[in-house]
Amino acid sequence: MKRLLSGNEAVAHGAWEAGVTVASAYPGTPSTEILEYFARFPGVYAEWAPNEKVALDAAIGAAYAGRRALASMKHVGLNVAADAFFYAAMTGAEAGLVVISADDPSMHSSQNEQDNRQFAKFARVPCLEPADSQEAKDLTVAAFDLSEQFDTPVLLRLTTRLCHTSTLVEVGTRREHPPRIEKFPRNPAKYVMIPANARRRHPVIEQRILELAEFA
Numbered sequence: 033m034k035r036l037l038s039g040n041e042a043v044a045h046g047a048w049e050a051g052v053t054v055a056s057a058y059p060g061t062p063s064t065e066i067l068e069y070f071a072r073f074p075g076v077y078a079e080w081a082p083n084e085k086v087a088l089d090a091a092i093g094a095a096y097a098g099r100r101a102l103a104s105m106k107h108v109g110l111n112v113a114a115d116a117f118f119y120a121a122m123t124g125a126e127a128g129l130v131v132i133s134a135d136d137p138s139m140h141s142s143q144n145e146q147d148n149r150q151f152a153k154f155a156r157v158p159c160l161e162p163a164d165s166q167e168a169k170d171l172t173v174a175a176f177d178l179s180e181q182f183d184t185p186v187l188l189r190l191t192t193r194l195c196h197t198s199t200l201v202e203v204g205t206r207r208e209h210p211p212r213i214e215k216f217p218r219n220p221a222k223y224v225m226i227p228a229n230a231r232r233r234h235p236v237i238e239q240r241i242l243e244l245a246e247f248a
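Laid out in structure tokens, this is it:
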């Protein structure tokens, strides 16, 4: 079935199709409608957070607990959430984790411009960049699969015109993903990033980049 969806609506629909159960966000144009639309779907938990770091921490916690989760924000919000973004890049998670950055070229509703693809390079995580609403939906689904396949957060980078432009989208049905674990595993070497553990994780991250490049 085809529907006319904005990029933001398509991302929300893709998250629902991908089996996401938890979404947290801080509102800010051009990203606001993602959570608003996602919250309408059955069988999901969606919340506004007091800031972007809290939103990402909530999503990371859900992914640590084995539930597919996303956090969405506008481009300057990733500055606020940078600490959480970088530690999640080091630890990975137990289920798919996607961070949505809605960039605002030409500053339609923002105090600055920034290209958050640079954040993906900085944190050593994959970045997907859709060109229309259909790709927004499809790449959202793909982002969760990539996240679980390579044990990494994935950055989905949108822009204002994509977020607010509507095009036809072939929508699908939801793929349920039961919790991947019964309870959070006791694994300090992976999840407690004191320096000794973090140093051992660094080669893992570099190998992940090589495997992602080969996969791409």
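Every letter in the sequence shown is one number past the one before it in the working numbering, and letter 196, counting from 1, is 228. C-beta: ideal position from N, C-alpha, C; glycine also.
Asked, Found
"Using a Cβ-Cβ cutoff of less than 7 Å, which residues in the same chain neighbour I241 once the five nearest sequence positions on both sides are dropped?", "R156"
"Quick one: Cα of L188 to Cα of A228, how far?", "31 Å"
"Does the contact criterion of 3 or more C-beta pairs under 8 Å hold for the stretch 102 to 122 versus the stretch 59 to 70?", "yes"
"From which residue to which residue does the beta strand (DSSP E) around S165 run?", "Unbroken run through S165 is the alpha helix (DSSP H), S165 to F182; no beta strand (DSSP E)."
"Could you compute how far the alpha carbon of V52 sits from the alpha carbon of H209?", "8 Å"
"What distance in whole Å lies between the Cβ atoms of D136 and E126, which are believed to be in contact at a cut-off of 8 Å?", "At roughly 33 Å, the Cβ-Cβ gap does not stay under 8 Å, so E126 and D136 are not in contact."
"Decide if the stretch 160 to 174 is in contact with the stretch 36 to 53; the criterion is three or more beta carbon pairs, one per stretch, under 8 Å apart.", "yes"
"Taking the beta strand (DSSP E) that Y77 falls in, what are its first and last residues?", "Y77 to W80"
"Taking 7 Å as the limit between beta carbons, can you name the residues of its chain near N83, skipping five residues before and five after?", "Y58 and V112"
"Per DSSP, what are the beta-bridge partners of M105 in this structure?", "S133"
"When you compare only the Cα positions, how much space is there between F117 and E68?", "23 Å"
"Within a Cβ cutoff of 8 Å, which residues of the same chain sit near K222, ignoring the five residues on either side of it in sequence?", "T123, G124, N229 and R233"
"Using a threshold of 8 Å, state whether the C-beta atoms of V130 and V186 are closer than that.", "yes"
"Applying the 10 Å Cβ sphere with the 16-neighbour rule, what's the burial state of G98?", "buried"
"Which of the three DSSP states is assigned to V52 in this structure?", "coil"
"In the DSSP output, which residue or residues are listed as bridge partners for V186?", "V130"
"Measuring only the C-alpha atoms, how far is A81 from F176?", "22 Å"
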